[in-house]
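Working notes for the structure below.
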Amino acid sequence: METKKFQKKVEDFICEKCGAKNIGRGYNDHCCKCLWSKHVDINPGDRQSDCGGAMEPIAVEIRKSGREYIIHYKCQKCGYEYKVKAMPEDNFEEILKLSNKPIKE
């Protein structure tokens with residue numbers, strides 16, 4: 005059986021970077037306070053990666069006339085890169101700080 009490319013996972017978690025408590029909504033995979041994440045997925049929500057490295061937010065892409073923010077990540081352990089949509093509850097000050105960093109494609 006083929007695995008879906010996206011699996012909704014509702015999980016609360018404590019950020020390993022800043023210690024903030026994050027309430028799971030099924031679509032959040034990063035800390036809403038500091039924006040850091042953890043490399044636990046191969047495809048979103050599958051929890052199939054064995055890496056477990058810290059995912060650093062490295063840049064933000066602005067789309068749809070400035071109303072949608074895409075956070076770019078890079079794993080500190082293995083170098084894996086991915087991007088996700090910012091959530092409404094994300095710390096907008098942290099998003100703004102990232103918007104000044106160039107996006108490396």
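Take the sequence shown: its position 30, counting from 1, is numbered 34 in the numbering used here, and each next residue is one higher.
Using N, Cα and C, we set each Cβ at its ideal position, and we do this for glycine too.
In the structure shown, Lys101 adopts helical secondary structure according to DSSP, grouped into three states.
Contact between the stretch 67-83 and the stretch 15-24 is absent: fewer than three C-beta pairs spanning the two stretches fall below 8 Å. Judged by beta-carbon spacing, Gly30 lies beyond the 8 Å limit of His43, meaning their Cβ atoms are not closer than that value.
Around the beta carbon of Ile27, a 10 Å sphere encloses fewer than 16 other beta carbons of the protein chains shown; the residue is thus reported as exposed. A check of alpha carbon separations from Ala63 across Gly70, Asp50, Asp33 and Leu100 identifies Leu100 as the nearest.
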